[in-house]
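Shown next, in structure tokens, is the structure this report addresses.
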Amino acid sequence: MKPIDLIVALLIAIFWGLNFVVAKIGLAQMPPVLLVTLRFALVAVLLVPLVRVPRDRLKEIALLSVTLGLVHFSLMFNGLAHVDAAVAAITIQIQVPFAALLSGILYRDPPGWRRLLGMALAIAGVGILAGGPETGSALWAIGLIVAAALVWAVANLQMKRLSGVDGFALNGWMALMAAPQLLLVSLVTEQDHWQAIAAADWRVWGTVAYQAVVVVILCYGAWYRLLRDSSVNQVMPFTLLVPLFGVLSGVLLLGEPLSWSLLVGGLATIAGVALILFRRPRLVEPKTRAP
């Protein structure tokens, strides 16, 4: 990889890792599903006018908007609202062994001992985190994030079938379809929407802008270019830095505790994910995944 590509990949990992803290800041004032609704609405407003309509793939994108846009992000943000950013940044990595497992089952692809070991390590790491949740974390909320990771693994299979669709078009139209669904769920399950919007300060709107513009549009745009210009084996290992920066930003910016359970569980989870990525990196090439 060129030096500039290495710098870009590192910046992407930093911005994605920092997103856990940014989301926590927004969740302090805004209900989780409503915050996700605003995020997807802004992505749709910014991207849809600039991309072509993938008419022959709209049905598949609609299904993805339910799986990834509605179910995954509703679970993820409800869990993140009650879990330390550092814990969430590590726990969500369980999506990688879930994706490898589902792909192995559906495509009759024997996992091999490396991937099996990686799955075991990652699951054990999350188990350590769940067995000793930190201040500000709840066991049930960790369960929501694990469920979100499983849903993402299912969505990953859907995204593989949409690999021919332009990434910006996929993100834009998925967001356009997901936003109304999320709004409906928010209206049914959450309260005081107008009060929350009226009381929101620059931190909430900064959170929405950061997630839509930085995380989705800029970072994924740069990520697509890296995947196009470099081999997957060169690019995917940088995703292992995302939980590292998520933990560091949670500890340094939010004052979250750095305990032995977080360190040991985090190292085990990242080591397990690394084994899976280095063995079969093609299983995890996210197009729309973002925390």
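My numbering numbers the first residue of the sequence shown as 929 and each following residue consecutively.
Quick reminder that beta carbons are idealized off the backbone N, C-alpha and C, glycines included.
Give a yes or no on whether the C-beta atoms belonging to Trp1101 and Ile989 are separated by under 8 Å. Here the question's residue 1101 lines up with position 173 in the sequence shown. Here the question's residue 989 lines up with position 61 in the sequence shown. Result yes, Cβ atoms of Trp1101 and Ile989 sit closer than 8 Å.
Distance between beta carbons of Ala1196 and Leu998, contact taken as under 8 Å: Reading the sequence shown from its first residue, position 70 is the one you call residue 998. Reading the sequence shown from its first residue, position 268 is the one you call residue 1196. So it is not a contact: roughly 31 Å between Cβ atoms.
Helix, strand or coil for Leu1172, going by three-state DSSP, please let me know. Position 244 of the sequence shown, counted from the start, is the residue given in the question as residue 1172. It is helical.
Contact set for Leu893: own chain, Cβ-Cβ below 6 Å, skip 5 residues either direction: The requested residue 893 does not occur in the structure, where the chain is confined to residues 929 to 1219.
Neighbourhood of Arg1217 by C-beta, 7 Å cutoff - its chain only, sequence neighbours within 5 removed: Taking the first residue of the sequence shown as 1, we reach residue 1217 at position 289. With a pLDDT of only 47 at Arg1217, under the threshold of 50, the placement of this residue in the model should not be trusted; the figure read from the coordinates follows. Within the same chain, Arg1217 has close Cβ partners Trp1080.
Determine the closest residue to Leu996 out of Trp1188, Lys930 and Val964, with distance taken between C-alpha atoms. What you label residue 996 is simply residue 68 of the sequence shown in a count that begins at 1. Nearest neighbour of Leu996 by Cα position, chosen from Trp1188, Lys930 and Val964, turns out to be Val964.
Cutting at 6 Å between CB atoms, please list the residues of its own chain near Leu1211, excluding the five before and the five after it. Here residue 1211 is taken as the residue at index 283 of the sequence shown, counted from 1. Low local confidence applies: a pLDDT of 44 at Leu1211 is under 50, so the model's placement there is unreliable, with the coordinate-based value given in what follows. Around Leu1211: Ala1027, Ala1028 and Ser1031.
Straight-line gap, Leu954 to Arg1036 (C-alpha atoms, nearest Å): Indexing the sequence shown from 1 puts residue 954 at position 26. Indexing the sequence shown from 1 puts residue 1036 at position 108. Per the sequence shown, the amino acid found at residue 954 is Gly instead of Leu. Cα to Cα, the separation comes out at about 42 Å.
How should Ala1127 be labelled, buried or exposed, when 16 other C-beta atoms within 10 angstroms of its C-beta is the threshold for buried? Working through the sequence shown from its first residue, we reach residue 1127 at position 199. Its Cβ having fewer than 16 others within 10 Å, Ala1127 is exposed.
Only counting the same chain, and skipping five residues up and downstream in sequence, which positions put a Cβ closer than 8 Å to that of Ala1066? Reading the sequence shown from its first residue, position 138 is the one you call residue 1066. Closer than 8 Å at Cβ, skipping near neighbours: His1010 and Val1011.
In three-state DSSP terms, what is Lys987? The residue you call residue 987 lines up with position 59 of the sequence shown. In the three-state reduction of the DSSP assignment, Lys987 falls in the helix class, which pools H, G and I.
Test item: CB-CB of Val971 and Val1144 under 8 Å: In the sequence shown, counting from the first residue as 1, residue 971 sits at position 43. In the sequence shown, counting from the first residue as 1, residue 1144 sits at position 216. Remark: C-beta atoms of Val971 and Val1144 approach each other more closely than 8 Å.
Which term fits Ala956, buried or exposed, when burial requires 16 or more other beta carbons within 10 angstroms of its beta carbon? What you label residue 956 is simply residue 28 of the sequence shown in a count that begins at 1. The residue is exposed, with fewer than 16 neighbouring Cβ atoms inside 10 Å.
Skipping 5 residues on each side, what residues in its chain have a beta carbon closer than 7 Å to that of Ser937? Within the sequence shown, the letter at position 9 stands for residue 937. Per the sequence shown, the amino acid found at residue 937 is Ala instead of Ser. Excluding residues within five positions, the ones whose Cβ falls inside 7 Å are Leu1154, Val1163 and Phe1166.
Does the distance from the C-beta atom of Ser1114 to that of Pro959 stay below 8 Å? Position 186 of the sequence shown, counted from the first residue, corresponds to residue 1114. Position 31 of the sequence shown, counted from the first residue, corresponds to residue 959. The criterion of a C-beta distance shorter than 8 Å is satisfied by Ser1114 and Pro959.
For the alpha helix (DSSP H) holding Ser1031, just list the boundary residues, first then last. The residue given as residue 1031 occupies position 103 in the sequence shown. It spans Gln1023 to Leu1034 - the alpha helix (DSSP H) in which Ser1031 sits, taken as one unbroken run.
Outcome for Arg967 when other beta-carbon atoms lying within 10 angstroms are tallied against a minimum of 16: Reading the sequence shown from its first residue, position 39 is the one you call residue 967. Arg967 counts as buried, since at least 16 other C-beta atoms from the protein chains shown sit within 10 angstroms of its C-beta.
To the nearest angstrom, how far is it from the Cα of Ile935 to the Cα of Val994? As a working mapping, residue 935 is identified with position 7 in the sequence shown. As a working mapping, residue 994 is identified with position 66 in the sequence shown. Rounded to whole angstroms, the separation of the alpha carbons of Val994 and Ile935 is 34 Å.
Kindly indicate which residue of Ala1014, Asn1099 and Ile1073 has the alpha-carbon position closest to the one of Leu1146. Within the sequence shown, residue 1146 is the residue found at index 218, counting from 1. Sorting Ala1014, Asn1099 and Ile1073 by C-alpha distance to the C-alpha of Leu1146 places Asn1099 at the top.
Buried versus exposed, by CB contacts within 10 Å (16 or more), Ser1177: Taking the first residue of the sequence shown as position 1, residue 1177 is located at position 249. By the neighbour-count criterion, in which 16 or more other beta carbons inside 10 Å mark a residue as buried, Ser1177 falls on the buried side.
Quick one, are the C-beta atoms of Val1024 and Ile1204 less than 8 Å apart? Along the sequence shown, one-based indexing puts residue 1024 at 96. Along the sequence shown, one-based indexing puts residue 1204 at 276. Yes.
Who are the near neighbours of Lys987 in its chain, counting only those whose CB is closer than 7 Å to its CB and skipping five residues on each side? Position 59 of the sequence shown holds residue 987. Result list for Lys987: empty, nothing under 7 Å.
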